[in-house]
Every structure is written in structure tokens, then in C-alpha cells.
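K.L.:
One structure coming up, written as C-alpha cells, with questions to follow.
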Amino acid sequence: MDKKTLATAAAVSLVIFLAGIFVGWNINKQKINVMKDRVENINRNLEGLQTEFLFLNFIGENASCPLLRNRMIEINEETYKLGNRLTSYDEGAKFKNQENLQELKRNYYHSLIRYWLLSRKMKESCGTEKFITVLYFFNEDCDKCSDQGFLLSYYKRQLDEKLLVFTLDADFEDPFIKALLDYNNIEEYPSLVVEGQTYKGFKNKDELEEIFCEKESGLEIC
Amino acid sequence: MMFLSDLINYAVWYVMIFFSMVWLLTFLKNRDNFSGNPGPPQSLPSVSAIVPAYNEEDVIEGTISSLLNLDYPKDKLEVIVVDDGSEDRTLEKARKFEPEIKVIEKDENRGKAHSLNVGTEIATGDFVVCLDADSFVESDTLKKMIGYFENDNVGIVTPALKVKNNEESFLSKIQHAEYLLNIFMRKIMTFLDTLPVAPGPFSIYRKEALENLGGFDEENITEDMEIALKFHDAGYKIENSSDGLVYTICPEKVKELYRQRLRWYRGVIYNTFKYKHMLFNPNYGNLGIFYLPLNLISVIMIMFLFGLIGYNVLNNFLSTFWNLQMVGFNILPFFKELNLIPSLDLFLFNFTTILFVSITIVGMGMLYVSFRKTDEKSLKNKAGFLSYLFIFPALLMLFWTSSIIHEVLGIKKRW
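In the order they appear, the protein sequences are chains X and U.
If you number the first sequence the way our numbering does, the last residue is 1231 and the count never jumps.
If you number the second sequence the way our numbering does, the last residue is 424 and the count never jumps.
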């Protein structure tokens, strides 16, 4: 093989290879932008939810609560889908821009916390709404966190909008997450805060079912 | 572990692109010489056709007939059938063609290479051509191929192999696609002087060179690869006729295919190590620097990738099993959000999908070009071609892994 063919092949291959990396990098960048848009959309929905809360006092529970409920279901679907995409991106993508990713995660966690707060408030205000809120704290070194996450996903699939799970990374440097950890006295992982009550350590299927049914006996699993 | 596997992934990707570019550039440089052959010499040389046969009663008559139908002067062509101790009616059926052909009956089964050597010893032609007993040659093939020997450096000329039983089973349809691609690839390899095999069906040898080099290795179950490397080692060139057609019977069942590929791939490993002095040796040109090392590196990469895939599959399986046992194997809730058709958005694209799509496009391009160049007009075999791209590689990877294990453990080789 002449050197010219070899050199041409090496050069063209390098161009194709680098083009592939460039395309991959751009796709990752676009993925971040898409997820940012989704977070902004969630935040707009949350603002809408807050406005609807103000209506609650004005026009009464019977008229407002259905509105709130529909909004909650919409936000529930969006946050769940976005959470999966964020996890999959964080674990799988090559050539991530860490700065953009950290900022995205921060915005996402803040949205989650706002959603959690509003969902707790909704439950207080709309007595007829039957659902459970679960704050789930995990960290990187936790052996049983993966199992706990799976069990929560299992119940999420079973109960859908009747179970709202807010998954927070305890290792993530954020004052709001730190405040929640301190407030709920979280010292080990995994830990759950179900309807305001803290449960430390891994909870298996039966234990979770017992906790959920204790908080809301009208669920289909009870 | 993850960093190492990423590095291997990228290295594999770059190496695959690089070698694809080498093939492509070689093809483009030589595309005007792809088809066609040097014309036969005015004075045609004498050729001896040897048919080693063991239990081939169903096909031997067709093979002998195709040789006798060759468009070649009868006084310049002799046909020798060497029966390797057949236990069926192979010998009886071959003898029906006497005295037009010679039939040698061996006392015991001693393998194909031994039969070829026996045939070569009694052959009177200046050139020896071997035809497997389950193969059939087109009448104009010999004349298309013999002209290459006008170059004294040429030691072997190889044909274009196609599958005869390409409609019989799904597996044979896949191999039909594979053989067409091989015609294309082997021609390119001859431009680079890296063709590492003289296929059993209808490879022609310069008899004097064959004898000087000691004939076929009787201990080797892939004597066709060994003889090619032997000729390269001695400085001969191996040529290929991309339209000198020979049809062969391919395995129709997975078990038969496995046995065939086990033998072939063990042969690649064994022969590469037998001729390890050629590896990375510039004295052997592109074969030494480029092709043989590529084979060796491919074997190591296959082992690593298979190990990695196996580890991931096992890990996923165990993890899924563990998760399901936590929920008492109640899988019904998981069907609620089962999405058989994934949404077409950016998140569908990751390294794996981009790599998969790229390899598919390149693979389909190569198949299309080999199609055109091998003059294969029938496009009916779409299922076979698509399966060749997507299913066959996984099957071959399993066969390769088994071959490596067999060779490393030194398990006895058999036909």
C-alpha cells in the first residue's frame, strides 16, 4: 500500500471520527437545552398552580380543587419523564458539559421542591384529594438506594398520580436540599419522608405498602 | 473499567473507520480493473483438476460434470478424483466417468490435504486446480483465470465463490449475502496483495511452486489458508478473478454452520501463529504490516468485546431478576408505560445508536456496491441481506469466541 493511500485513509478517518465526536457533543448540548426548556415549562406550570391556589380562597374548594388536580397531574408526568431523562443523560452521555449539567440539576431540584411544597399545601386545602407525597433522599455511596429507587418506581407505576415521589440527591450542593435534610433529620441513606414523617434506611415492598396504607387507606394497594 | 471500555470503544471505532477507508480508497483507485481478467494466453497450458472426495455421493456427479463441461481443450485438461476412503457410493459414481477421468482410491480416510497431495503427485498438468466435491464451476471460469499466470510471480489464482443453495434456508440466504461481499472484499485484498486464503473450490496453483513448497499441510484442517500464507511467505502473488464463478453448497442449519466456522476461525488463529514471523514484518508488505496484525488484533478485540457484552448482559439479567424478586415478580405495572415505538427525539441519539446507524449505512453501502460489482441482479434476498447486517454478526461473534476457547484449550480439531 502506498504511503499516500495510508496517509489519506488516516486523515479522512480522523476527520470522520472528530466529526462524530463533534456531532455527539452538539447533540448533548441540545439535549441539555431541551431539558432546560422542560424545566422552564414545569416552572411555568408551578406558577400557574400557585395562581390557582389564590383562586381557592376566592371561589372555593369545589371549583378550584379539580383545576389544581389537573395541573398537578400534568406536572407529575413532566417531572417524572424529565427525571428519567436527566438520570439517563447523567449516566450515559459522553462529553458532558458539567457546568451546564449542574445548573440544570439545580433548577430541576428547585422545581421538584416547589412542586413538593405545593402538593403538600394542596392536600391540606383540598381535603378530598387522595394522594401521598414522598421525599426520597439518596446518595452515591448508598448500597440500597438503587433497590429503594426501583421499589418507588414500582409503586409509582401502580399508583400513578396518587403517589408523588420527589427524588433528591443528598450529595448535591444546594442550600434548599441541605435545609430539607436538616429539617427532616436525615442521617442515613436511603431515607424517605412520607407525608412529613421521616423513615430512615431501606424499606422493602411490604414495609412501603404498610407505610403508604397507613397514610392513605383508600389506595388500591391497601 | 468504564473508562477502559470507553477507550476500547473509541479505538475500535477509529480502527474500523480507518480500515474501511483503506478498502474504499483501494477500490476507488482500482475500480477500472475490478471486473475483467487478462485474456488467456494464445497457447493454453495444461491443467490438472483434482477433486478430493469423502462421502459425497449426492453431489460428486455434478462436480465432475461441471469440470468436463469446462470450455478448455480436452487434451490440455485432466480430471483426477481422489476418493478419501468414502463409505458411501462416491467411488462407484466417480468410476462411471472413467476413462474420461482418473479415479484414485485411497485405503483409508486421511483428510483433504492428503488427497490433494496424492492428486498433485500424479497430475501431469503445469497447473493444478482443486475443486471440492460439493462445488460446481461455470464453463468459462478456467479461461478467465488462467491468464493471470502470465505473470511469473503469480503462484495462485482464486475464483469468485457464490452459494448454490441460496434459496434452501434462511441461513443460506444470509450466507448468500456474505459470499457476495467476500467476492468484493477478496478482489480489493488482491490489489493490496493481502489475500490470505485460496478457497478449496477452484483455486489454481502453479504446480512447480506447489511441489517446491512441499504441497498442502496434511496436519492442517484449513489447508486452504495455510497454502496461501505459504505462497506469500515464498514471495508469490495471489490473484483473484471477480467473475470467474464457482458455486458451492453452504451449511443450511446452524449446527453445520457452527462446525464449519469453528474449523475456519480456528484455522485463522492457528495459521496466524504458524506464520507469526510475518506479523508486523515489512518484508511481507501489506500482508505482514496490515492484514495479519489486523486479524490478530480483531481476535483480541472480539474476546474483549464479547467479555464486556457478556458481563453487561449477565449484570442486567441479575439486576432485573433481583429487582423483580423484590416485587414478588409482579411485572404487570411495568407494562403500563411500555413504549414499543420510542418517541423520535434527540434523546434517542446516543453513542450506541449513532454507531449502530453509521455501521448500518456503511454496511448497506458495501453490500450494494458488492451487489453491483458481482453482477447480482436479483434483489429478492432482502431478508437475507438485512439479517446479514444485523443478526449474523452476533452469531459469528459467538462462533469466534468458541473458536478462541477451543484453540486456547487445544481441543482436538475435526472436519
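Every residue gets a Cβ at the ideal spot worked out from N, C-alpha and C, and that includes glycine.
For clarity, every value in this text was computed on a predicted model and none was experimentally measured.
What number of angstroms, rounded off, separates the C-alpha of X/R1115 from the C-alpha of X/W1034?
P.N.:
Each residue's alpha carbon lies about 22 Å from the other.
K.L.:
Helix, strand or coil for U/G120 per DSSP?
P.N.:
Coil at U/G120, not helix or strand.
K.L.:
Answer yes or no: do U/V91 and U/L125 have a C-beta to C-beta separation smaller than 9 Å?
P.N.:
Cβ atoms of U/V91 and U/L125: closer than 9 Å.
K.L.:
Can at least three beta-carbon pairs, one atom from the region 1147–1158 of chain X and one from the region 1079–1092 of chain X, be found at a separation below 8 Å?
P.N.:
Counting Cβ pairs under 8 Å, fewer than three are found: no touch.
K.L.:
I want to verify the contact list: residues of chain X whose CB lies under 7 Å from the CB of U/P342, in sequence order.
P.N.:
By Cβ distance, chain X contributes Y1163, R1166 and Q1167.
K.L.:
Are the beta-carbon atoms belonging to U/L77 and U/V88 less than 9 Å from one another?
P.N.:
The answer is yes: Cβ separation under 9 Å.
K.L.:
Reducing DSSP to helix, strand and coil, say where U/S367 ends up.
P.N.:
DSSP places U/S367 in helix when its eight states are reduced to three.
K.L.:
Below 8 Å on the Cβ atoms is my guess for U/I213 versus U/I165; work out the distance and round it to an integer in Å.
P.N.:
U/I213 to U/I165, Cβ: 7 Å. Contact.
K.L.:
So is X/C1151 buried or exposed if we call it buried at 16+ other beta carbons inside 10 Å?
P.N.:
By the neighbour-count rule (16 or more Cβ atoms within 10 Å), X/C1151 is buried.
K.L.:
Does any CB atom of chain U fall closer than 9 Å to the CB of X/V1021?
P.N.:
Yes, because at least one Cβ of chain U sits closer than 9 Å to the Cβ of X/V1021.
K.L.:
Could you tell me whether the Cβ of U/V112 comes closer than 9 Å to any Cβ of chain X?
P.N.:
No, U/V112 lies away from the interface with chain X (no Cβ there is under 9 Å from its Cβ).
K.L.:
Buried or exposed: which applies to U/C259, given that a residue is buried once 16 or more other Cβ atoms fall within 10 Å of its Cβ?
P.N.:
So U/C259 ends up on the buried side.
K.L.:
Give me the DSSP bridge partner(s) of U/E114.
P.N.:
DSSP lists U/D92 as partners of U/E114.
K.L.:
Does the beta carbon of X/G1046 sit closer than 9 Å to a beta carbon anywhere in chain U?
P.N.:
Note that residue 1046 of chain X is Asp in the sequence shown here, rather than Gly. False, the Cβ-Cβ gap to chain U never drops below 9 Å.
K.L.:
Indicate the three-state DSSP secondary structure (helix, strand or coil) for U/N290 in the structure shown.
P.N.:
DSSP places U/N290 in coil when its eight states are reduced to three.
K.L.:
Is the region 368–379 of chain U touching the region 185–202 of chain U in the sense that three or more CB pairs, one from each, lie closer than 8 Å?
P.N.:
Yes: the two stretches touch, three or more of their Cβ pairs being nearer than 8 Å.
K.L.:
Would you verify that the beta carbon of X/F1147 is, or is not, closer than 9 Å to some beta carbon of chain U?
P.N.:
So no, X/F1147 is outside the interface.
K.L.:
What's the gap between the Cα of U/V172 and the Cα of U/K153?
P.N.:
Those two C-alpha atoms are separated by around 19 Å.
K.L.:
Excluding the 5 residues preceding and the 5 following U/V56 in the sequence, name in chain order all residues of the same chain whose CB lies nearer than 8 Å to its CB.
P.N.:
So the list reads Y81, K85, L86, E87, G134, D135, F136, V137, V138, L151, I155 and I213, once near-sequence residues are dropped.
K.L.:
Starting from the beta carbon of U/I363, find every residue of chain X whose beta carbon is closer than 9 Å, and list them in chain order.
P.N.:
By Cβ distance, chain X contributes G1029, V1032, G1033 and I1036.
K.L.:
Near X/Y1094, what residues of its chain come up, given a Cβ to Cβ distance below 7 Å and the 5 sequence neighbours on each side ignored?
P.N.:
A small correction: the amino acid at residue 1094 of chain X is Arg; Tyr does not occupy that position in the sequence shown. Excluding positions up to five away in sequence, the list reads M1044.
K.L.:
Let me know the secondary structure DSSP gives U/L254 once reduced to three states.
P.N.:
U/L254 falls in the strand class under three-state DSSP.
K.L.:
Can you pull the chain U neighbours of X/T1246, defined as C-beta to C-beta under 8 Å?
P.N.:
Outside the shown range of chain X, which is 1010 to 1231, sits residue 1246 of chain X, and nothing can be said about it.
K.L.:
Roughly how far, in whole angstroms, is the beta-carbon of U/G94 from the beta-carbon of U/E117, given that I think they are within contact range, below 8 Å?
P.N.:
That pair is a contact at about 5 Å.
K.L.:
Just the Cα atoms here: how many angstroms apart are X/Q1059 and X/D1178?
P.N.:
Rounded to the nearest angstrom, the two C-alpha atoms are 25 Å apart.
K.L.:
How about X/F1175 and X/Y1145: do their beta carbons lie closer than 9 Å?
P.N.:
A contact, by the Cβ cut-off of 9 Å.
K.L.:
Thinking C-alpha only, which one of U/G71, U/Y157, U/V24 and U/E176 is nearest U/F394?
P.N.:
Comparing Cα positions, the closest option is U/E176.
K.L.:
By alpha-carbon positions, which one of U/G253, U/P402, U/L301 and U/P291 ends up nearest to U/L79?
P.N.:
Checking every option, the nearest Cα to that of U/L79 belongs to U/G253.
K.L.:
Which residues in chain U sit within 7 Å of X/D1156, going by Cβ to Cβ distance?
P.N.:
Within chain U, the residues near X/D1156 are M335.
K.L.:
So if DSSP puts U/A62 in a beta bridge, which residue, or which two residues, is it bridged to?
P.N.:
U/D92.
K.L.:
What residue does the alpha helix (DSSP H) around U/R40 start on, and which one ends it?
P.N.:
Where U/R40 is concerned, there is no enclosing alpha helix (DSSP H), given that its DSSP letter is neither H nor E.
K.L.:
Is there a Cβ of chain X sitting closer than 9 Å to that of U/K121, yes or no?
P.N.:
Not an interface residue.
K.L.:
Roughly how many angstroms lie between the CA atoms of X/G1101 and X/S1162, to the nearest whole one?
P.N.:
Looking at the two C-alpha atoms, the distance is approximately 20 Å.
K.L.:
By the three-class DSSP mapping on this structure, what secondary structure does X/D1178 have?
P.N.:
Strand.
K.L.:
Excluding five sequence neighbours on each side, which residues of the same chain lie with their C-beta closer than 7 Å to the C-beta of U/I236?
P.N.:
These residues qualify, in order along the chain: A207 and F225.
K.L.:
Under the rule that 16 or more other beta-carbon atoms within 10 Å means buried, what is X/D1215, buried or exposed?
P.N.:
Under this definition X/D1215 is an exposed residue.
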